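Note sheet for the following structure.
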Amino acid sequence: MDRLLVTGGTPLEGSVRVGGAKNSALKLMAAALLAEGETVIENVPRIADCLTMGDVLAHLGARVRWEGSTVTVDTSGAAGVETPYELVRRMRASIVVLGPLLARHGRARVAMPGGCNIGSRQIDLHLKGFERMGAEFTYDHGYLEATASSLHGAVIWLDFPSVGATENVLMAAVAASGTTVIENAAREPEIQDLAGMLVEMGAKIEGAGTTTVEIEGTGGGFEPVRHRVVPDRIESGTFAMAVCVAGGNVMIEGARSDHLEMVLDKLSDAGADIQPGDRGLSVKMADRPVSVDFVTLPYPGFPTDLQPQMMAVLSTARGTSIATENVFESRFMFVDELNRMGADIRTEGHHAVIRGVERLSAAPVRALDIRAGAAMVIAALAADGTTEISDVHFIDRGYEDLEGRLSALGAEVRREAASPDAPA
Ligand code: UD1
Numbered sequence: 275m276d277r278l279l280v281t282g283g284t285p286l287e288g289s290v291r292v293g294g295a296k297n298s299a300l301k302l303m304a305a306a307l308l309a310e311g312e313t314v315i316e317n318v319p320r321i322a323d324c325l326t327m328g329d330v331l332a333h334l335g336a337r338v339r340w341e342g343s344t345v346t347v348d349t350s351g352a353a354g355v356e357t358p359y360e361l362v363r364r365m366r367a368s369i370v371v372l373g374p375l376l377a378r379h380g381r382a383r384v385a386m387p388g389g390c391n392i393g394s395r396q397i398d399l400h401l402k403g404f405e406r407m408g409a410e411f412t413y414d415h416g417y418l419e420a421t422a423s424s425l426h427g428a429v430i431w432l433d434f435p436s437v438g439a440t441e442n443v444l445m446a447a448v449a450a451s452g453t454t455v456i457e458n459a460a461r462e463p464e465i466q467d468l469a470g471m472l473v474e475m476g477a478k479i480e481g482a483g484t485t486t487v488e489i490e491g492t493g494g495g496f497e498p499v500r501h502r503v504v505p506d507r508i509e510s511g512t513f514a515m516a517v518c519v520a521g522g523n524v525m526i527e528g529a530r531s532d533h534l535e536m537v538l539d540k541l542s543d544a545g546a547d548i549q550p551g552d553r554g555l556s557v558k559m560a561d562r563p564v565s566v567d568f569v570t571l572p573y574p575g576f577p578t579d580l581q582p583q584m585m586a587v588l589s590t591a592r593g594t595s596i597a598t599e600n601v602f603e604s605r606f607m608f609v610d611e612l613n614r615m616g617a618d619i620r621t622e623g624h625h626a627v628i629r630g631v632e633r634l635s636a637a638p639v640r641a642l643d644i645r646a647g648a649a650m651v652i653a654a655l656a657a658d659g660t661t662e663i664s665d666v667h668f669i670d671r672g673y674e675d676l677e678g679r680l681s682a683l684g685a686e687v688r689r690e691a692a693s694p695d696a697p698a
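In this note's numbering, the protein residues as written are 275 to 698.
Dropping the structure here:
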């Protein structure tokens, strides 16, 4: 498997363009299943997860074509209803096809996702929502079989504002008969993006981006559209944090500060000079970061997907910080890897105490998941010597050419391809 070699010590200078949001593009691609014909989605990041979603759609019979960052999904003749374990195992988010499949075919057979490196990740809220709308489920050899002769509107209370459950239910509800209300809905910008595209396709949705989303089902009849993916706030935050660790002056082009308010507030408290502008976000860091406490919460709280990168920032801060993770139960597993680089972090349940050290030291470390991998890269920018990061395939799931873009900012990052006879 490929490795990244990162030599720390160089400040970042210049500008970097942020790509389309992974967590939006995946759902927009799934939503294409609702319409018959060619849906065109622009600004899709060419990352492993989006390629996997392309494979999921192709397995369902759609034709998927990439031209640069534009993806065309042609669903004419997409009659498949099954998503196999091989694809769901590669990417849990494959289960967001459940809603569109139920809406379009009244039937779906989707492999049950297992746990992953950040927690057990149930889908009970998705299923409870579909059940309220008239769907029935059976389990068969690791597969979930869903049937709904007709979906009807319902009031659905989510115990937790789950992003995936909100999106899955939304994509089924637009085609149901009657009105569906999702209470305690997730409010992430990616949900607003999805609702925006569904409305362009002919859906009737009010309140996306708030805790109550009301959907007037149309019974189907959606038109394929052309839609542009919202910029990736997690990638924007990752670059901003890289500057906070390495120092320097970077313009993050296309970053939307209105999607990052809590994060930018914390980075300012940590000593960064952040200026939002028409082109994007200017981030300057002249000194070592200062400690800050933070707590992850559903949007608009501090995103759990930036928690590992923020821990990398705080690991070299002046003073002691406390981080609290409220979204995923096992999202501190990467801390042992950071500590191997000389960080001083202790965890207790869902809290972490980060005692800032003056300098990290390079060590061989692993990327344990997409964002933990990004955290390793960021930490390595401030380490003495050359850090070797293995399991880079996790980073490739969520970041397009991270090493190329950091190198363009002056960082010393290079990829070493696995030798063909190295053990997997
Ligand atoms: C999405 C994002 C992920 C992000 C997360 C939280 C995608 C592809 N992924 O994941 O990057 O970290 O939102 O912002 O968009 N839960 C249940 N039952 C359910 C559903 C969720 O208990 O039916 C729990 C999960 O185990 C987790 C929490 O709710 O502890 C949040 O999960 P959720 O918001 O659903 O995250 P995802 O949609 O999986």
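Cβ coordinates follow ideal geometry from the N, Cα and C atoms, glycine included.
Fair warning: this is a prediction, and the values are worked out from it, not measured in the lab.
Could you spell out where the alpha helix (DSSP H) holding residue i opens and where it closes?
i, result
"T440", "V437 to A447"
"Q583", "Q581 to L588"
"D610", "V609 to R614"
"E509", "R507 to A520"
"A669", "Per the sequence shown, residue 669 should be read as Ile rather than Ala. Per DSSP, I669 belongs to the alpha helix (DSSP H) from H667 to G672."
"A299", "K296 to A305"
"P572", "Segment: none, P572 is in no alpha helix (DSSP H) and carries neither H nor E."
Residues in the same chain with beta-carbon distance under 8 Å from residue i, minus the five sequence neighbours each way, listed in chain order, please.
i, result
"P387", "V362, R363, R366, S368, I369, R395 and I397"
"A698", "Residue placement at A698 cannot be trusted, given a pLDDT of 48 that sits under 50; the coordinates are not used to answer."
"V566", "K540, D543, A544, L588, A591 and S595"
"A682", "G288 and V290"
Between residue i and ligand 1, is the CB less than 7 Å from at least one heavy atom?
i, result
"D579", "yes"
"D467", "no"
"I430", "no"
"Q583", "no"
"N297", "yes"
"A332", "no"
"L444", "no"
"S436", "yes"
"I397", "yes"
"L300", "yes"
"E602", "In the sequence under discussion, the amino acid at residue 602 is Phe, which differs from the Glu named in the question. Checking the Cβ of F602 against ligand 1 gives yes."
"H624", "no"
"H400", "yes"
"A439", "yes"
"A367", "yes"
Output the distance between the C-alpha atoms of residue i and residue j, rounded to the nearest integer angstrom.
i, j, result
"T492", "D433", "27 Å"
"A648", "G684", "17 Å"
"Q583", "G427", "40 Å"
"V292", "S423", "43 Å"
"E662", "G282", "11 Å"
"M609", "E490", "According to the sequence displayed, residue 609 carries Val and not Met. Taking the straight line joining both Cα atoms gives about 45 Å."
"L325", "G593", "42 Å"
"T486", "T660", "49 Å"
"E287", "V519", "13 Å"
"A450", "G403", "13 Å"
"M585", "N458", "29 Å"
"M650", "S298", "24 Å"
"D675", "G408", "44 Å"
"A691", "E677", "13 Å"
"W340", "D618", "44 Å"
"E622", "I508", "26 Å"
"T349", "G481", "28 Å"
"M471", "A304", "12 Å"
"A529", "D329", "29 Å"
"V280", "G521", "15 Å"
"A477", "T453", "12 Å"
"V257", "F411", "What the structure shows of the chain is the stretch from 275 to 698, and residue 257 is not part of that stretch, so it cannot be assessed."
Excluding sequence positions up to five away, which residues of its chain have a Cβ less than 6 Å from the Cβ of residue i?
i, result
"K558", "N523 and D547"
"Y573", "R461 and E462"
"G373", "N442, M445 and A446"
"N391", "L642 and D643"
"E353", "The residue you asked about is not Glu; residue 353 is Ala in the sequence shown. G335, listed in sequence order."
"R688", "L279"
"G483", "R461 and Q466"
Could you tell me the boundaries of the beta strand (DSSP E) in which residue i lies?
i, result
"E310", "No beta strand (DSSP E) contains E310, which DSSP labels as neither H nor E."
"D433", "Premise fails: D433 is in no beta strand (DSSP E) and is neither H nor E."
"S451", "S451 to E457"
"I321", "Taken as a continuous stretch (DSSP letters only), I321 belongs to no beta strand (DSSP E), as it is neither H nor E."
"D532", "Here D532 belongs to no beta strand (DSSP E), and DSSP marks it neither H nor E."
"Q549", "D547 to P550"
"R553", "R553 -> no beta strand (DSSP E), and no H or E assigned at all."
Mind reading off the beta-carbon distance from residue i to residue j? Whole number of angstroms is fine, and I expect it under 8 Å.
i, j, result
"S510", "L555", "7 Å"
"L399", "A439", "4 Å"
"G616", "L642", "Contact flag wrong, Cβ pair sits at about 18 Å."
"V338", "V345", "7 Å"
Less than 7 Å between C-beta atoms, sequence neighbours within five positions excluded: which residues of the same chain meet that for residue i?
i, result
"M536", "P574, G575 and F576"
Just to check, is the beta-carbon of residue i closer than 7 Å to a non-hydrogen atom of ligand 3?
i, result
"A460", "This structure lacks ligand 3; the ligands present are ligand 1."
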